[in-house]
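Participant:
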Amino acid sequence: MSLFDPETGKVTDPEALRSIQLQPGGRTVAKSKVVDGNKVEQVLDDQTGKQIAIQTYHGDSDRVDAVVTPPTITAGTQE
Amino acid sequence: MAFPASNWFKKSFVDLMTGVANPVDFDTSTFQCALFTNSVDPGSTHNYDTNTGYSTTGTWCPSGGEITESGTNYDYGGVACGSPTLAVSPAGTIKFDVADAVWTTSTITAQGCLLYRAHATYTKYGIVAVNFTNPVVSNNGNFEVRWNANGVLTFT
Numbered sequence: 166m167s168l169f170d171p172e173t174g175k176v177t178d179p180e181a182l183r184s185i186q187l188q189p190g191g192r193t194v195a196k197s198k199v200v201d202g203n204k205v206e207q208v209l210d211d212q213t214g215k216q217i218a219i220q221t222y223h224g225d226s227d228r229v230d231a232v233v234t235p236p237t238i239t240a241g242t243q244e
Numbered sequence: 022m023a024f025p026a027s028n029w030f031k032k033s034f035v036d037l038m039t040g041v042a043n044p045v046d047f048d049t050s051t052f053q054c055a056l057f058t059n060s061v062d063p064g065s066t067h068n069y070d071t072n073t074g075y076s077t078t079g080t081w082c083p084s085g086g087e088i089t090e091s092g093t094n095y096d097y098g099g100v101a102c103g104s105p106t107l108a109v110s111p112a113g114t115i116k117f118d119v120a121d122a123v124w125t126t127s128t129i130t131a132q133g134c135l136l137y138r139a140h141a142t143y144t145k146y147g148i149v150a151v152n153f154t155n156p157v158v159s160n161n162g163n164f165e166v167r168w169n170a171n172g173v174l175t176f177t
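Protein chains in written order, with my numbering: chain P, 166 to 244; chain G, 22 to 177.
1. Here's the rule: buried if 16 or more other CB atoms are within 10 angstroms of the residue's CB, otherwise exposed. What is N68 (chain G)?
2. Under 7 Å Cβ-Cβ, which residues of chain G neighbour D230 (chain P)?
3. For G74 (chain G), count neighbouring Cβ atoms within 10 angstroms of its own Cβ and tell me buried if that reaches 16, exposed if not.
4. For the putative contact between T71 (chain G) and I129 (chain G), defined by C-beta atoms under 8 Å, what is the C-beta separation to the nearest angstrom?
5. Tell me which residues share the same chain as A218 (chain P) and place their Cβ nearer than 8 Å to its Cβ, disregarding the 5 neighbours each side in the sequence.
6. Let me know if Y143 (chain G) comes out buried or exposed under the rule of 16 or more other beta-carbons within 10 Å of its beta-carbon.
7. Where do the N-terminal and C-terminal ends of the beta strand (DSSP E) with T128 (chain G) fall, by residue?
8. Going by DSSP, which residues form a beta bridge with F52 (chain G)?
9. State the beta-bridge partners of D230 (chain P) as determined by DSSP.
10. For a contact defined as C-beta to C-beta under 9 Å, what are the partners of Q216 (chain P) on chain G?
11. Is it buried or exposed for P63 (chain G), if we count other Cβ within 10 angstroms and need 16 for buried?
12. In the structure shown, what three-state DSSP assignment does P156 (chain G) receive?
13. So, at 7 Å on beta carbons, what are the nonlocal neighbours of L37 (chain G) in its own chain, with the 5 sequence-adjacent residues on each side left out?
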């Protein structure tokens, strides 16, 4: 089970809330967690501080899987 | 310049609504997702106003920062995103959505993606481009763009 919901970017493990760290300015630091021997790492959106992707580093090979979860673009909200 | 901020392509909609021949059909056209590095050069923050989308030259093209084919298991133009739908959902919102894009056994480092109408001869109209703001990496694995459950693009 991932620490992060790939759809919403929300933390799924309440215990993980205790280890959240913030950068100066309040942005969340990208987190990682080992799940079934694989390192699961967040990629954060620099603009929003929210998760935009996860990368899974497989412990038994050099394989890395990436899942990007873009936010919906809403017309009228961009420059 | 670099990969521009996420946005939608205005010209695609202007052409659709002004009778330009062979515009995008949001539930029957074929759509593809292409991946780009941070070398994309839009030239202007308002590139989305006038740019038509994917092409052989210009902003969104193989030589314009698209992921190279060599050693990546990525093909220029990207992969198809099927099942396009345009509908009022939820009430008061027009939602455009397509199926997810997946590159299997890929070795890719991408800064963002472009979703566009793919066609052999007609204009490859851009729909949206998404800047991941950080490079996202796969290595001999799956690289997936999993569109939001609320759709790729909405009008409210």
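Note that the Cβ used here is the ideal one computed from N, Cα and C, for glycine as well.
Predicted, not measured: the structure shown is a model, and the values here were computed from it.
Facilitator: If we stick to the structure as given:
1. Within a 10 Å sphere around the beta-carbon of N68 (chain G) sit 16 or more other beta-carbons, which makes this residue buried.
2. The answer, in chain order, is S159, G162, N163.
3. Buried, because 16 or more other Cβ atoms sit within 10 Å of the Cβ of G74 (chain G).
4. Actually they are not in contact, since the Cβ atoms of T71 (chain G) and I129 (chain G) sit about 29 Å apart, beyond 8 Å.
5. Residues Q207, V208, A231, V232, V233, T234 of the same chain have their beta carbon placed closer than 8 Å to that of A218 (chain P), with the five preceding and five following residues left out of the count.
6. Result: exposed.
7. Per DSSP, T128 (chain G) belongs to the beta strand (DSSP E) from 122 to 139.
8. Partner(s): G:C102, G:R138.
9. Partner(s): P:T221.
10. By Cβ distance, chain G contributes nothing, its closest Cβ being about 11 Å from Q216 (chain P), past 9 Å.
11. Buried, since its Cβ has 16 or more Cβ neighbours within 10 Å.
12. The answer is strand: DSSP assigns P156 (chain G) an E or B state.
13. Excluding positions up to five away in sequence, the list reads P44, V45.
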